[in-house]
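Have a look at the structure below before the remarks.
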Amino acid sequence: MNRVYILGGAQTDFERNWTKEGKGMAALLKEAVADGLEAAGLTFDDVSCLNRENRIACFIGNFIAEKYVDQGHLGAFLTEVDPAFYGLPSARYEAACASGSAAIDAAATKIRAEEYDVCVVVGWELMKTVESRIGGSYLGRAAYYAKEGKGIDLPFPRLFGRLADETLKKYPELDEKRYMDALARISVLNYANAKRNPLAQTRKWFMSYDQASTRGTQTNPLVGGRLGVSDCSQVTDGAAVIVLCSQSYLKEKGFWGKPVIKGYGHRTAPLLFEKKMADNKNSPYLLPWTRQACLDAYKRAGMAVEDMDVFETHDCFTSSEYASLSAFGLTEPGKEYQAVESHLIAFDGEKPVNPSGGLIGCGHPVGASGVRMMLDLYRQINGIAGEYQVRKARNGMMLNIGGTATTNYVFIIGAEE
Amino acid sequence: MNIRTVTVIGVTGTMGANIAGIFASFGCARVYCLGRSMKKVQNTIPRIVMSVKADAIAKNLIPADFSMLEECVGKSDLIFESSKEDIRVKTQIAERVGKAMLPYAVSGTGSSGLSITELARCYPQKLRSRFFGIHMFNPPYTLPLCELTATEYSNSALKDELKEYLASVLHRTVVEVKDSPAFLGNRIGFQFINEALQYAERFKDNGGIDYIDALLGPFTGRSMPPLATSDFVGLDVHKAIVDNIYENTCDYAHRTFLLPGFAKGLAADGKLGRKSGCGLYQRIHYENGFTRDTVYDINTGFYRDVIPYVFPFADKMKQYLSEGDYQKAFEELVKNHSLEAEICLSFLLKYIIYSLYAAKEVGFSIESADDVMATGFNWCPPLAMYQALAAVADVPGLIRERLPQICREVDLTHLLAAIKPSRYDYRIYFKSGRKIR
Numbered sequence: 000m001n002r003v004y005i006l007g008g009a010q011t012d013f014e015r016n017w018t019k020e021g022k023g024m025a026a027l028l029k030e031a032v033a034d035g036l037e038a039a040g041l042t043f044d045d046v047s048c049l050n051r052e053n054r055i056a057c058f059i060g061n062f063i064a065e066k067y068v069d070q071g072h073l074g075a076f077l078t079e080v081d082p083a084f085y086g087l088p089s090a091r092y093e094a095a096c097a098s099g100s101a102a103i104d105a106a107a108t109k110i111r112a113e114e115y116d117v118c119v120v121v122g123w124e125l126m127k128t129v130e131s132r133i134g135g136s137y138l139g140r141a142a143y144y145a146k147e148g149k150g151i152d153l154p155f156p157r158l159f160g161r162l163a164d165e166t167l168k169k170y171p172e173l174d175e176k177r178y179m180d181a182l183a184r185i186s187v188l189n190y191a192n193a194k195r196n197p198l199a200q201t202r203k204w205f206m207s208y209d210q211a212s213t214r215g216t217q218t219n220p221l222v223g224g225r226l227g228v229s230d231c232s233q234v235t236d237g238a239a240v241i242v243l244c245s246q247s248y249l250k251e252k253g254f255w256g257k258p259v260i261k262g263y264g265h266r267t268a269p270l271l272f273e274k275k276m277a278d279n280k281n282s283p284y285l286l287p288w289t290r291q292a293c294l295d296a297y298k299r300a301g302m303a304v305e306d307m308d309v310f311e312t313h314d315c316f317t318s319s320e321y322a323s324l325s326a327f328g329l330t331e332p333g334k335e336y337q338a339v340e341s342h343l344i345a346f347d348g349e350k351p352v353n354p355s356g357g358l359i360g361c362g363h364p365v366g367a368s369g370v371r372m373m374l375d376l377y378r379q380i381n382g383i384a385g386e387y388q389v390r391k392a393r394n395g396m397m398l399n400i401g402g403t404a405t406t407n408y409v410f411i412i413g414a415e416e
Numbered sequence: 000m001n002i003r004t005v006t007v008i009g010v011t012g013t014m015g016a017n018i019a020g021i022f023a024s025f026g027c028a029r030v031y032c033l034g035r036s037m038k039k040v041q042n043t044i045p046r047i048v049m050s051v052k053a054d055a056i057a058k059n060l061i062p063a064d065f066s067m068l069e070e071c072v073g074k075s076d077l078i079f080e081s082s083k084e085d086i087r088v089k090t091q092i093a094e095r096v097g098k099a100m101l102p103y104a105v106s107g108t109g110s111s112g113l114s115i116t117e118l119a120r121c122y123p124q125k126l127r128s129r130f131f132g133i134h135m136f137n138p139p140y141t142l143p144l145c146e147l148t149a150t151e152y153s154n155s156a157l158k159d160e161l162k163e164y165l166a167s168v169l170h171r172t173v174v175e176v177k178d179s180p181a182f183l184g185n186r187i188g189f190q191f192i193n194e195a196l197q198y199a200e201r202f203k204d205n206g207g208i209d210y211i212d213a214l215l216g217p218f219t220g221r222s223m224p225p226l227a228t229s230d231f232v233g234l235d236v237h238k239a240i241v242d243n244i245y246e247n248t249c250d251y252a253h254r255t256f257l258l259p260g261f262a263k264g265l266a267a268d269g270k271l272g273r274k275s276g277c278g279l280y281q282r283i284h285y286e287n288g289f290t291r292d293t294v295y296d297i298n299t300g301f302y303r304d305v306i307p308y309v310f311p312f313a314d315k316m317k318q319y320l321s322e323g324d325y326q327k328a329f330e331e332l333v334k335n336h337s338l339e340a341e342i343c344l345s346f347l348l349k350y351i352i353y354s355l356y357a358a359k360e361v362g363f364s365i366e367s368a369d370d371v372m373a374t375g376f377n378w379c380p381p382l383a384m385y386q387a388l389a390a391v392a393d394v395p396g397l398i399r400e401r402l403p404q405i406c407r408e409v410d411l412t413h414l415l416a417a418i419k420p421s422r423y424d425y426r427i428y429f430k431s432g433r434k435i436r
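The listed protein sequences derive, respectively, from chains A and B. Per numbering that gives the first Met the number 0: the first sequence = residues 0 to 416. Per numbering that gives the first Met the number 0: the second sequence = residues 0 to 436.
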């Protein structure tokens, strides 16, 4: 089977509010695709040439543009970016907040199967077109909407608040204060990391342990059960692009030293939150399918957690990052607080998690997040992450979830041995 | 630099309050919040908290009044004076601070343009080395620019330490500037804004204020049109800045700093802008919740409804920008020869030239002009503006063609030799102003 390499990519500045700029999805995609191709060393002429030979395809990750910008048929929309995309195979992939990973998965599969040599993956979402409560209701479609979202104010913060409750219920020996403290520290860590990322949404924002650990105030109101605004990722506009390619294309162009996708995992847990929780009763893990996706990725890569140097995880809420720490294998299940307290996951720790700032710090344009994670791992492994570069990043792992950890996508990226 | 305790003097003003918030949050410092009356200071505390959206800093804020100045200053590692922009007021405060401050403390003024050297002389000789200009922009939480001014007395190692503290602890974009009237950001920004005001007077028969704003709006690389910006800042502040520059500098753009007669009149009548209810613009609120935007008509002296001007070149530019076709937008600007398009382009070209000129005179590098305009004004910075136009035109040729008068007064070749790629992305600053949904 063909190996899948990452040629490069780009993301938009997640601080931008495209609605305020008076720009729509055409503008967003034109900028992101042009920047992504340029960073990968491709021109629109290269795209045309590859297309004439039917060697290139595009994969669009987006959750719910039908609601946010009244637009479907997103694969075809790339033809609005540049005539180079006329005739080029392109389709949209959707798995809620894991849409970006679903697009990567499809793209990587086509290269692995030796059907295309170059795959352009574009993840995007414009979320600031509507006020946050309406947007929150749109996002409710990532759950079982009729049962868990409809008519409920901000369904997702509530569901991830319940995940926090379930964590405490599953691990009765876990002290509540210790747990909430770990969640506050996870928030602070993501905000602090975002300060080093010049494209992070919150790079100018203030967050401190005092602020994050004092929930229920005017500036840190509770948004879902015991979780405050500080535990919550952002409403973000943005796009991320990565270009994947085959070994033969790499050789043809004389590129070298490009990171490779070493393994992946993809598992789907029960959609309904209650069923998901009932399903974990025979597992030591709160999210057994998330854990399984990590195990699958390790197995496919022939690697273990010890081999990983950096992680990008899905901190849509602090409670999801917390659960992901044991799923990665960084701690025993139920002991995730240890990774926080020991600074294991800190920027300068042994196993840094979210040096980019993650979804809380860097931002979460939902359909873009999976692509953005892979782009950040690519940057880390290539040593081009600038101020947020971590030490000795040879291999990295990402977890991108959709819904309440319903869709679980894991990828391992690393330098070629 | 270890700053644990700070005194902010003049905390009830907008800048004083916002800066106290910056020290208490990012700086994690205990902040003595000093104002004329204890009650006013106490009422300001919630505003400080909201300026950084963090209740957690409330415990770091200690209200104090002027009678406690010496006591607070005597306990502080850093003293920040943010009082009225009046040399007599600032002199008196500097003298009191100089007598009370600890020998190892650092003192700074937030003055937006008075002589830092003159204020340094109010300090005892041995403390002058510890005094700096620390000029931030409003609101500092979203505009991170900080202009740092040293004087002939300044301790250079201490300046470097302070710069590092402002950049890495307070997360400011620190730009070192010379002790020159209004420093760099306001020098460039108010050259543009005041000349726009002069053009409003010159083109008063075409509509005046709203006419000029309509052709220099967000589609030209800024969030807010220039005269709306003046209205937001206040004509009193605008006047103080341009008068200071006009009286104390002399460059090729000297006459563009003269405040037009009608604006002097408005300022004298207390019609300062948004903060006083009316100025260049007036928003009328009706009981039923409706609002009506009106503008001062220079010809009649009355407020009238803002005119929704439609200029074909601007309309096309906005359309292109909304779809991300930047080059087409700039091509339209360069190729259109209507009066409005020519005024618009001439302003953008003059902005580039004056920025290059001012950066040499007031800054220490050409990038400093980019930093001040991007992070202090949220305008497309000059090097990025050059890059945007250079994608569709020969900019030096365009300048020679459109601005022959200025070309006779400056050494254009020398100025343009400093041009380099910008660190800022011009696309972010050009906004269509269109509703997209």
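Don't be surprised by glycine CBs; every beta carbon is placed ideally from N, CA and C.
| Query | Result |
| --- | --- |
| Checking 8 Å against the spacing of the C-beta atoms, do E30 of chain A and N61 of chain A come in under that value? | no |
| Do F159 of chain A and F316 of chain A come within 8 Å of each other at the CB atom, strictly closer than that value? | yes |
| List the whole-angstrom C-beta distance separating T172 of chain B from L144 of chain B, where the pair is believed to meet the contact cut-off of C-beta under 8 Å. | 5 Å |
| So which residues on chain B does T213 of chain A lean against when the C-beta distance must stay under 9 Å? | D54, A55 |
| What residues from chain B crowd round D209 of chain A, counting only those whose CB sits closer than 7 Å? | A55 |
| Give the range of the beta strand (DSSP E) segment to which T108 of chain B is assigned. | 105 to 108 |
| Can you name, in chain order, every residue of its own chain whose Cβ lies under 7 Å from the Cβ of L221 of chain A, other than the five neighbours on each side? | R214, G215, G227 |
| Which residues in chain A have a C-beta closer than 9 Å to the C-beta of K430 of chain B? List them in chain order. | K19, E20, G21, K22 |
| Which runs of the alpha helix (DSSP H) at least 4 residues long sit entirely within the region 55 to 131 of chain A? Give them in chain order. | 64 to 67, 98 to 111 |
| Along chain C, which residues have their Cβ under 9 Å away from the Cβ of T218 of chain A? | Of the protein chains in the structure, A and B, none is chain C. |
| Name the chain B residues that come within less than 8 Å of D12 of chain A, Cβ to Cβ? | D424, I427 |
| Smallest Cα separation from T218 of chain A: which of B:Q386, B:L101, B:V394, B:D54? | B:D54 |
| Are any of the Cβ atoms in chain A nearer than 8 Å to that of E322 of chain B? | yes |
| Under three-state DSSP, which class holds K399 of chain A? | Sequence check: residue 399 of chain A is Asn here, not Lys. If DSSP states are grouped into helix, strand and coil, N399 of chain A belongs with the strands. |
| Taking a cut of 8 Å between CB atoms, which residues from the region 139 to 156 of chain B lie near chain A? | Y140, T141, P143 |
| Contact check, P225 of chain B vs A195 of chain B under 8 Å by CB: the rounded distance? | 4 Å |
| So which of B:V236, B:F202, B:A387 has the shortest CA-CA distance to D85 of chain B? | B:V236 |
| Whole angstroms are fine: how far does the CA of K317 of chain B sit from the CA of Y336 of chain A? | 51 Å |
| Assuming I411 of chain A and K257 of chain A form a contact by the criterion Cβ under 8 Å, report the distance between their Cβ atoms to the nearest whole angstrom. | Wrong, their Cβ atoms sit about 15 Å apart, outside the cutoff. |
| Taking 8 Å as the threshold (beta carbon to beta carbon), is R15 of chain A in contact with chain B? | yes |
| Is any beta-carbon of chain A found at less than 8 Å from that of R433 of chain B? | yes |
| I need the DSSP call for C293 of chain A, collapsed to helix, strand or coil. | helix |
| Hey, out of B:V391, B:S36, B:R35, whose CA is closest to E330 of chain B's CA? | B:V391 |
| Given the structure, does D81 of chain A come close to the ligand PLP, in the sense that its CB is under 7 Å from one of the ligand's heavy atoms? | For the structure depicted, the ligand PLP is absent and the ligand set is empty, with no information on it obtainable. |
| Assign Y22 of chain B to buried or exposed, taking buried as 16 or more other Cβ atoms, counted over all protein chains shown, within 10 Å of its Cβ. | Reading the sequence as shown, one finds Phe at residue 22 of chain B and not Tyr. The residue in question, F22 of chain B, is buried, as its Cβ has 16 or more Cβ neighbours within 10 Å. |
| Flag E130 of chain A as yes if its beta-carbon sits less than 8 Å from any beta-carbon of chain B, otherwise no. | no |
| Going by C-alpha distance, which of A:E124, A:A95, A:A106 is nearest G237 of chain A? | A:E124 |
| Rounded to whole angstroms, what's the CA-CA distance from V304 of chain A to G264 of chain A? Just pull it up for me. | 14 Å |
| Give every residue of the same chain whose Cβ lies closer than 7 Å to the Cβ of T219 of chain B, excluding the five residues on either side of it in the sequence, and list them in chain order. | C343, L347 |
| In this structure, what does DSSP give as the bridge partners for T293 of chain B? | B:Q281, B:D304 |
| Which residues does DSSP list as the beta-bridge partners of R266 of chain A? | A:N407 |
| Please determine, among A:Y408, A:L188, A:R371, the residue with the shortest C-alpha to C-alpha distance to E340 of chain A. | A:L188 |
| For G388 of chain A, which residues from the same chain have a beta carbon less than 7 Å from its beta carbon, with the 5 sequence-adjacent residues on both sides left out? | Checking the sequence, you will find Gln at residue 388 of chain A rather than Gly. Q379, G382. |
| Terminal residues of the continuous beta strand (DSSP E) containing I92 of chain B? | No beta strand (DSSP E) contains I92 of chain B, which is instead part of the alpha helix (DSSP H) from 86 to 99. |
| Could you check if Y85 of chain A is buried or exposed, using at least 16 other CB atoms within 10 Å of its CB as the buried criterion? | exposed |
| Please state whether the Cβ-Cβ distance between T267 of chain A and T166 of chain A is less than 8 Å. | no |
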